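Novice: The structure that follows is given in the form of structure tokens.
4 protein chains.
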Amino acid sequence: MSKEEKIIQAAIEVFREKGIEKTKVSDIVKAAGIAQGTFYLYFPSRLSVMPAIAKNMVERIITTVDEGVSDHKPFDQQLEEVVEIIFSITKEYGDIVALIYAGIAQTEHLKEWESIYAPYYDWMSNFLLTAQQQGIIRDSINPSRSAKLIIGLIESAAEQVYLFDDSKDETMTLLKLELLDFLYHALGLRHA
Amino acid sequence: MSKEEKIIQAAIEVFREKGIEKTKVSDIVKAAGIAQGTFYLYFPSRLSVMPAIAKNMVERIITTVDEGVSDHKPFDQQLEEVVEIIFSITKEYGDIVALIYAGIAQTEHLKEWESIYAPYYDWMSNFLLTAQQQGIIRDSINPSRSAKLIIGLIESAAEQVYLFDDSKDETMTLLKLELLDFLYHALGLRHA
Amino acid sequence: MSKEEKIIQAAIEVFREKGIEKTKVSDIVKAAGIAQGTFYLYFPSRLSVMPAIAKNMVERIITTVDEGVSDHKPFDQQLEEVVEIIFSITKEYGDIVALIYAGIAQTEHLKEWESIYAPYYDWMSNFLLTAQQQGIIRDSINPSRSAKLIIGLIESAAEQVYLFDDSKDETMTLLKLELLDFLYHALGLRHA
Amino acid sequence: MSKEEKIIQAAIEVFREKGIEKTKVSDIVKAAGIAQGTFYLYFPSRLSVMPAIAKNMVERIITTVDEGVSDHKPFDQQLEEVVEIIFSITKEYGDIVALIYAGIAQTEHLKEWESIYAPYYDWMSNFLLTAQQQGIIRDSINPSRSAKLIIGLIESAAEQVYLFDDSKDETMTLLKLELLDFLYHALGLRHA
DNA sequence: AATGAATGAGCTTTCATTCAT
DNA sequence: CATGAATGAAAGCTCATTCAT
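Chains as they are written, first to last, in the numbering used here: chain A, 34 to 225; chain B, 34 to 225; chain C, 34 to 225; chain D, 34 to 225.
Written out as structure tokens, the structure is:
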């Protein structure tokens, strides 16, 4: 693992543990097993790790979604899988993603967030396009625009559950079902 | 305006201008026209203004939504108004809300966010319930759960446009239309 | 003694002891008996004390010269006194003046040095003018321009002796005599 | 040009541009086109280039003076040439000499300054001695001691003009004339 | 001899908080 | 209630120096 990767991994670890404001560069380098100065050979300032972390996280998310969806299953079940995966990712990484978003929001890097998310939106856009071409979802859907809506929708639902709610399992299950139903209707799902 | 309110208004102003991490207590008190020490008579620490700001902001949002929706119009037009309002609120306040959310996320106050948002969800929930009782949206909608979904959906769409996009008007209009269409389908809208 | 004066006195003391590069703000505040942060209430940066010190030093020098010269004595003896005084000031303060000049030279404050020295030059200029009006020194002397030459001359001679030479007393005495003789000739001294 | 010379030249260049405190070893090596570590093969520490630079500068000065004075001209014109040269050297190198002196003053190398200047004083001393042997300047002059006085005098006059003054040409010309007149009288110049 | 990545001690500066008035 | 000078802990960052290659 390169020094840069070490720093990113260590930063993720420490940010999760202590939050952003309380994470010092000294904590990161200690966790990474490198010297204080070495940090600054790879990142020009404390907060500039943020976009790198974000990229790393989003890549993980995309990989997980991409690998987690079963190619052969019908679309409605695939969509269910997508929701499941995003919920479970949010459960696992949601805090850190929220944290990082917060961290980026504080810097001048906000614009980068968009490009970091781009491949995620692309994946969803393709996912919708395929379904549309097979006549499974309504023709009036614009895949690329709806991709953003859907990701926003699922993520915000997941955040509701994991970040704020006292998260009784039941609450989560119910919201997830409501969400799926919502999505099916929104997409005009026709059973193929 | 009481000193406390002065502090809150000043804090909003300064946070917007300089971001959270870069806003010092000294900036806030200067903008508020009070002495450094006075701040601590009203708030125990620098970040403890955050929840107060949040509350203030969300109250404004709810008021705006509540007053902005025309009682007598049909539901689909009301929904359009809601979307319009949330978009325009996000345009105006989105940066500060994101900031505050970020600020709160960094503290132990995260849980408070939920209670601050509660009346907002309640409003939407009632809005849906009314429509449902009038048979305008599908029966299978659970108003309270869908309220959260819808607010999350609309807000994330608005953020897409205003925080990240280069926001050509066209982009915004198209996403808004897609969103409305999405919502109409999701809610199983029947013209009354 | 005001906090600002305390800082200046302490800074002089510490700069002499440790030199400029090795003097930390922490040393100064320790010597001044104040808190680290208090320093920055009075001076915006570590090196910005320099001009203040310089001013203080030059004021001392002028006072010493002014008080040290006997009004009633003949000019040649007064000039001897001036030389004596500048030599002894250089012995006492020369290191710190050199240091400060060095310190100022490193900053953007160099121009200030001129205005700090101005009253010193003025004193000398008046001293010469008086003598000239009494017909004691040649008429072709321009008091204001020669004032600068003479101060530069005496100071550089004194520096030679105290900063570089191994400073045997004899060396010093001889250079001082040479200097006086040099000055008498230069000024075209006529015994009144 | 050897690596060592490259370093010295680069250091001169960078010190002039950025001042001493702000010049980093990394700046010097970049300007010299060598690697960071290579610096330490030639100089044991950052400030140890200083005496080398000083030596280099003073050698240049002596060469310039020595070559610039016309052997065959009468003494008073030669002296005028000396003044001219020292003024023009100060104009060109004065800042860096002041800087270096400052730099050396901060280190333990101060004593070296004396030996660096020695050949300069020697040149002037010989210059005076020759004139004295020809009966052109007064017998009571001690060439070696007056050499130091005169160099100090001319240099401080030149510094006045170039480092501090706003240096109108007129100011400079007048001070230079005053200085020459001052010197002629001081030396008891007799036209041969 | 030359390199340049890595080091880590240590600095300046900031700023939330306190408290005597 | 209000003030604002004073505090001092704490952290980001720099950069001279080293050393494995």
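Cβ atoms here follow ideal geometry from the backbone N, Cα and C, with glycine treated the same way. Bear in mind that the values here come from a model prediction, so they are computed numbers and not experimental data.
With 16 as the cutoff for other CB atoms within 10 Å, does residue 105 of chain A come out buried or exposed?
Specialist: exposed
Novice: In chain B, what lies closer than 7 Å to residue 175 of chain A by C-beta?
Specialist: 211
Novice: Locate the alpha helix (DSSP H) running through residue 215 of chain B, then write down its first and last residues.
Specialist: For residue 215 of chain B, the enclosing alpha helix (DSSP H) stretches over residues 202 to 220.
Novice: Taking buried to mean at least 16 other C-beta atoms within 10 Å of its own C-beta, is residue 175 of chain B buried or exposed?
Specialist: buried
Novice: I want to know whether the segment 85 to 102 of chain C touches the segment 148 to 160 of chain C - three or more CB-CB distances under 8 Å.
Specialist: yes
Novice: According to DSSP, is residue 55 of chain A part of a helix, a strand, or is it coil?
Specialist: coil
Novice: I think residue 149 of chain C touches residue 84 of chain C, with their Cβ atoms under 8 Å apart; what is that distance to the nearest whole Å?
Specialist: 7 Å
Novice: For residue 219 of chain D, decide whether its Cβ has a neighbour in chain C, counting only Cβ atoms nearer than 8 Å.
Specialist: Yes, because at least one Cβ of chain C sits closer than 8 Å to the Cβ of residue 219 of chain D.
Novice: Assign residue 164 of chain B to one of three DSSP states: helix, strand, or coil.
Specialist: Residue state, collapsed to three classes: helix.
Novice: What did DSSP end up calling residue 12 of chain D once you bin it into helix, strand or coil?
Specialist: Since the displayed chain D opens at 34 and closes at 225, residue 12 of chain D lies outside it and no answer follows.
Novice: Once the 5 residues before and after residue 62 of chain C are set aside, which same chain residues still bring their CB inside 8 Å of it?
Specialist: 40, 43, 68, 69, 71, 72
Novice: Which same chain residues, not among the five before or five after residue 205 of chain B, have their C-beta less than 6 Å away from its C-beta?
Specialist: 194
Novice: What number of angstroms, rounded off, separates the C-alpha of residue 103 of chain A from the C-alpha of residue 127 of chain B?
Specialist: 37 Å
Novice: Under the three-state reduction of DSSP, which class applies to residue 175 of chain A: helix, strand or coil?
Specialist: coil
Novice: Please state whether DSSP places residue 76 of chain C in a helix, a strand or coil.
Specialist: coil
Novice: Report all residues from its chain with a CB closer than 7 Å to the CB of residue 64 of chain A; omit the five preceding and five following residues, and keep chain order.
Specialist: 43, 46, 47
Novice: Quick one: residues in its chain with C-beta nearer than 8 Å to the C-beta of residue 58 of chain A, no 5 flanking neighbours on either side, listed in chain order?
Specialist: 69, 72, 79
Novice: In chain order, what residues of the same chain lie with their CB nearer than 7 Å to the CB of residue 177 of chain C, ignoring the 5 residues before and after it?
Specialist: Result list for residue 177 of chain C: 158, in chain order.
Novice: Compare the C-beta of residue 181 of chain A with all C-beta atoms of chain B and state if any pair is closer than 8 Å.
Specialist: Taking Cβ atoms only, chain B reaches closer than 8 Å to residue 181 of chain A, which makes this a yes.
Novice: Helix, strand or coil: how does DSSP classify residue 103 of chain C here?
Specialist: coil
Novice: So residue 207 of chain A contacts chain B; which residues on that side make the cut at Cβ distance below 8 Å?
Specialist: 175, 178
Novice: Between the C-alpha atoms of residue 187 of chain D and residue 120 of chain D, what's the straight-line distance to the nearest angstrom?
Specialist: Going by the C-alpha atoms only, they are around 8 Å apart.
Novice: Run through DSSP, which three-state label would residue 34 of chain C get?
Specialist: coil
Novice: Under 8 Å between the Cβ atoms of residue 191 of chain C and residue 161 of chain C?
Specialist: no
Novice: Taking residue 100 of chain A as the reference, which of A:115, A:34, A:110 has the closest Cα?
Specialist: A:115
Novice: Less than 8 Å between CB atoms is the rule here; does residue 72 of chain C satisfy it with respect to chain D?
Specialist: no
Novice: Can you tell me whether residue 50 of chain D is buried or exposed, with buried defined as 16 or more other CB within 10 angstroms of its CB?
Specialist: Residue environment analysis places residue 50 of chain D among the exposed positions, since fewer than 16 neighbouring C-beta atoms fall within 10 angstroms of its C-beta.
Novice: Counting only beta-carbon atoms, is residue 214 of chain D nearer than 8 Å to chain C?
Specialist: yes
Novice: Check each candidate in C:109, C:145, C:164 and name the one with the smallest Cα separation from residue 196 of chain D.
Specialist: It is C:145 whose Cα lies nearest to the Cα of residue 196 of chain D.
Novice: CA-CA distance, residue 55 of chain D and residue 166 of chain D?
Specialist: 49 Å
Novice: Go ahead and pull the three-state DSSP assignment for residue 66 of chain B.
Specialist: coil
Novice: In this structure, does DSSP put residue 170 of chain B in helix, strand or coil?
Specialist: DSSP places residue 170 of chain B in coil when its eight states are reduced to three.
Novice: Closer than 9 Å, Cβ to any Cβ of chain A: which residues of the segment 149 to 178 of chain B, in chain order?
Specialist: Contact annotation: in the segment 149 to 178 of chain B, residues whose CB is within less than 9 Å of a CB in chain A are 150, 171, 173, 174, 175, 178.
Novice: Name the residue from B:53, B:111, B:87, B:211 whose alpha carbon lies nearest to the alpha carbon of residue 98 of chain B.
Specialist: B:111
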